[in-house]
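Since the structure comes first, as C-alpha cells, the remarks are kept for the end.
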Amino acid sequence: MKRREVIKNVALMLGGVFSAPTLMAMDNWENATKPNINGAAFSLTETQQRIVAEIAELIIPKTNTPGAKDVGVPAFIEMMLKDCYKTPEHQSFIDGLDSMGKVKFLELNTDERRGVLKLLEQETKKITSKTTPFWRLIKELTLLGYFTSEAGLKASFEYVQIPGKLELIKLKPNQKAYAY
Amino acid sequence: MNLNIKANKNNTFDAIVVGSGMSGGFAAKELTERGLKVLMIERGHEIKHIEDYDTAMQEPWDFEHRGKTTNLSAEERWANSRFWGLGSEEVVNHLTNDKENPYIEKRAFDWIRAYHTGGKSMHWGRQSYRWGKHDFESNAKEGIGIDWPIRYEDLESWYTHVEKFVGISGQKEGLEVLPDGHFLPAMPLFAPEAHFKNKMMERFNRPVTVGRVANLTQPQDIHIVLGRASCQYRSKCQRGCPYGAYYSSLSGSIPAAMRTNRLSILHDSIVAEIIYDEQKKRASGVRIINQNNMLTEEYFAKIIFLNAGSINTAALMLNSKSNRFQNGFGNESDQIGRNLMDHQLGSGATASIEGFEDDYVYGQRPNAMYIPRFRNWGNDKQAAYLRGFGYQGGASREGWNRGVGADGFGADFKQGLTKPGAWAISIGGFGEILPNPTNRIYLDAEKKDKWGIPMIVTDAAFVENDWAMRKDIIASAVEMLETAGFKNVTPYDRPTHMGLGIHDMGTARMGRDPKTSVLNSFNQVHDCKNVFVTDGAAMTSASCVNPSITYMALTARAADFAVKALKKKDL
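Chain order of the listed sequences is A and B.
So the number in my numbering is just where the residue sits in the first sequence, counting from 1, plus 841.
So the number in my numbering is just where the residue sits in the second sequence, counting from 1, plus 4.
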C-alpha cells in the first residue's frame, strides 16, 4: 500500500482531481501478474553461470552499496539473453565464455581476473563484426540489470517516483543523479 | 441487398462514428454536445481510462525485461516494433498484434496501430501545431496534387476551440510559419537549449521554441470537470496517464461525450461495410462484424462520420460496394486509397555539449524543443526539393547507460555512474511528403482476413523530393549543432519506410472537384453527403507539422456543419 499512499498524498498536496477508480486501479497495478514469455532455446551450464556471476561482480562490485550478485544480475543476464537476443548474440556470448574457460578464469585471483577483463575490453574494440561482442553484451546487461533493480537503483540514485513539478536547478557538489 | 428491414429502435441513432481515436473521439464529443444521439463503433477491445493503464504506475524493476523488446513481442508486433520503444513491455500490450491482424506490404509501410478505445490517441507524441496559411496554399501555387478547398481562416476559430479543450502548453512566438494558438503556460527550455536558441537566432535568424504539447501545465475548469489533473512530470505518457494530464480520447473527448448521456460505444466491432440506400441515395448505416464471435449486425443513422484512421477509413470505403458505387463508396474519382502521405522521420544529428555542468533538472519534461520550418520559406529557396521540415529534439544529461560504451569497470566506475553525466543533444527532422497518386493502399483481390474482409495492401515509398530533403535535414542539423559550438557532432540516418512518422494521411482527400477528390470543403463525401470523413484520410497535403489538432479542428467544423444541416433538413 506504500505506493498508493505516496500517490494519494502527492495528489492531495497538488490539489489534483483523483477519483475512486484511480485508487482502485492502483490496487490493480500492485496485484498485476506478469506475463509468461517463452524465449528461444538458450541456457548456460553451471560453470558458465559462475563465470558470468564473477564477471558481473567485477563490473559492479559490492562496496558500501550492493553489488551485481546481490541484486540477481547473473540470472537476469541469462534470462535477457534468452528472451531478448537472437542466435548470433547467443553464439557470441557462448564464444566469450569459452575464451574465459580457456584462460581458466575461475582459477585466477581477483587481480588476474581484472587483468583479463582489461585485456578483453581492449580486444573488443578491434572487433568489427555486426554481432555484439561478448564483453559488450555482459557489460550492458550487467549495468541494465543492476541500475534498474530496486536495490541497485535506490542505492545509486535519488529515486523520484512522482516529481510533481519540473524545475531547472543547480547541481550541488556530489549530488546523485535523479532516477524516475 | 440488405434494406432497412432490420432497423429497430436499439440499432438506430442520429449519428454513427466509426473509430474512437483522435478524430473519432472529437466527432463524438461535438455531435453529442449538439444534441445528437451517437453510436461510436470501435473495432478493438475496451480500455477504461486510468483503470486499464496497467503499466502506468509500475516501477523500473517491475518490468521483467526492464523495458526491452522481447523476441516474442518483436514477432507478434512485427510492424509496431519497428518504431522506437513500441515493442517494450511498458506499452506493447496496448498496441495491435500484427501477427493476428496482418497486412500485405507490396512496398513496405510501417503501419503503427492501436486497436482499442482511444486508438493511437493513447500513444501519440502530443506535439500540437497549427498549420500555417502557406500549408493550405502551396499545392495550388506549386501545381502539386490538387488545391485545398479551404484556407487557414476557415479553420482558425476551430483550432482555438480544439486547443482550449485539449489543453496545449506552449510559447507564443508571433511567427507566420508556425501560428500561435491558445496556450497553457510553456514548459522551460533547458540551459544548453536556451544557448542553442540564442545562437540560432544570432547566426541564422532562425527561431527555436519549446514544444507545443498536449500536457496540462495548468488545468482549466474545462479540464478539471473531466477529472484531468496537472502533469506530474514523470514523462511516462506512453503508458497511459493516471492523472489524465495528457490529452487523449480516453481522458478528454469520450468523457465529455459521455457527460451528455447521448453517447453509446460498441467495442470489438469491425465496420465491414457502409450500407447505401439506392432509393434514398444516401448511406443508411453500417454493417459490423464482432471480432470475437464473428456475428454481423447492422446499425443505422442519419449521418455517418468515418474516423477509422486514414488507411482503415479508405479500406472501409473501398470495401463498400453497391450498384451506385461499384468501385468503392464515393470513389468516382478513383482517389480513395491514393496519395498516402506521412512525415519522414529518423534522420538528424546528435552532439555532446561541454559546459553547463552545474545545470540540472528536477522532473522529466514530456516535451522537447521545436525548430520551425526554415527551408523554402522567406528568402530561402532550395533547388533540390519543394516544401520543408521542422526539427524536434532536445538536450539532456547522460545517465548510467553512458557506462556501456565507456572504458572501465569496478568500484570507481560504479560510483561515477551515480552522478549525472555530461549534457548531450539530439535533433531529428519531420519532413513534408507530397501527395502522389502512386503511393497508395488498396484491397487485395483474393486474400481475406479472418473476418472475411479483403486484406489491405500497402504500396508506397519515398521519392526524389523526399531523399533530397532528407539529405538537407541531416546536413542542416550538423551545421546547426556545430554552429552552436557543440562537440562530436554526428549525423544519423535510420533506414526507414513511409509510415514511421505515424502520420498516415491523404487517402480520401478533400477538394473542390468530385472528379479529382473524394470529399468537399466540409468533409462530406461528394457523392453521398450524409457521410463525412474527418480523420487523416481527408488531408490534401501533409505540411511538416504534427497533424492531430488539424484533424480535430476539421472534425469539429464538419460536425458543426452537419448538425446545422440536419436541423435545416438539408441532410
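Quick reminder that beta carbons are idealized off the backbone N, C-alpha and C, glycines included.
Values in this document were obtained by computation on a predicted structure and should not be read as measured data.
According to DSSP, residue 308 of chain B shares a beta bridge with B:20, B:535. Taking a contact as a CB-CB distance under 8 Å, the pair residue 469 of chain B and residue 438 of chain B counts as one, their CB atoms being some 6 Å apart. Beta bridge pairing from DSSP links residue 461 of chain B with B:108, B:446. For residue 132 of chain B, same chain residues with a beta-carbon under 6 Å away, outside a window of 5 residues either side, are 172, 216, 218, 553 in chain order. The beta-carbon of residue 1008 of chain A is placed less than 8 Å from the nearest beta-carbon of chain B. Residue range 26 to 37 is occupied by the alpha helix (DSSP H) that includes residue 36 of chain B.
Within the same chain, 972 come within 7 Å of residue 929 of chain A by CB-CB distance, once the 5 residues on both sides are set aside. Residue B:423 holds the alpha-carbon nearest to the alpha-carbon of residue 1000 of chain A among B:113, B:456, B:423, B:75. Residue burial is scored here from C-beta neighbours: residue 514 of chain B has at least 16 other C-beta atoms within 10 angstroms and is therefore classed as buried.
Less than 8 Å separates the beta-carbon of residue 985 of chain A from that of residue 70 of chain B. Assignment of alpha helix (DSSP H) within the region 200 to 250 of chain B, counting only whole runs of 4 or more residues, yields 225 to 228 in chain order.
When the alpha-carbon of residue 37 of chain B is set against those of B:567, B:575, B:479, B:574, the nearest one is in B:567. Taking C-beta separations shorter than 6 Å and ignoring five residues to either side along the sequence, the partners of residue 530 of chain B in its chain run 518, 524, following chain order. Under the three-state reduction of DSSP, residue 495 of chain B is assigned to strand. Residues of the region 182 to 203 of chain B with a Cβ closer than 8 Å to any Cβ of chain A, in chain order: 191, 192, 194, 195.
Contact annotation: residue 233 of chain B and residue 247 of chain B have beta-carbon atoms nearer than 8 Å.
Taking a C-beta distance under 8 Å as the contact criterion, residue 356 of chain B and residue 194 of chain B do not qualify as a contact pair. A residue is called buried once 16 or more other Cβ atoms fall within 10 Å of its Cβ, and residue 1010 of chain A, having fewer, is exposed.
Collapsing the DSSP output to three states places residue 154 of chain B in coil. Given a length threshold of 3 residues, each whole run of the beta strand (DSSP E) inside the region 325 to 381 of chain B is given here in chain order: 351 to 357, 363 to 366, 373 to 375.
For residue 970 of chain A, no Cβ of chain B is located within less than 8 Å of the residue's own Cβ. Per the DSSP secondary-structure output, residue 113 of chain B pairs in a beta bridge with B:502. With a beta-carbon spacing of about 13 Å, residue 380 of chain B and residue 394 of chain B fall beyond the 8 Å limit used to define contacts. Residue 111 of chain B and residue 536 of chain B have their C-alpha atoms spaced approximately 29 Å apart. By the beta-carbon neighbour count (other beta carbons within 10 angstroms, threshold 16), residue 905 of chain A is exposed.
Secondary-structure assignment with DSSP links residue 452 of chain B through a beta bridge to B:458. Annotation for residue 429 of chain B: no alpha helix (DSSP H) segment contains it, though the beta strand (DSSP E) segment containing it runs 427 to 436.
One finds 61, 63, 238 in chain B with Cβ atoms closer than 9 Å to the Cβ of residue 1002 of chain A, taken in chain order.
Non-local beta-carbon contacts of residue 441 of chain B in its own chain, meaning distances under 7 Å to residues more than five positions away in sequence, involve 342, 343 in chain order.
DSSP places residue 44 of chain B outside any alpha helix (DSSP H); the residue lies instead in the beta strand (DSSP E), whose first and last residues are 42 to 45. Taking 8 Å as the cut-off, the Cβ atoms of residue 156 of chain B and residue 136 of chain B count as close. By the neighbour-count definition (other C-beta atoms within 10 Å, threshold 16), residue 93 of chain B is a buried residue. Sequence-distant Cβ neighbours of residue 28 of chain B in its own chain, meaning closer than 6 Å and more than five residues away, are 21, 311.
Spatial neighbours of residue 101 of chain B in its own chain (CB-CB distance under 8 Å, excluding positions within 5 residues in sequence) are listed in chain order as 80, 81. A Cβ-Cβ contact shorter than 8 Å links residue 575 of chain B with residue 307 of chain B. Interface residue (Cβ-Cβ distance to chain B less than 8 Å): residue 938 of chain A is not classified as such.
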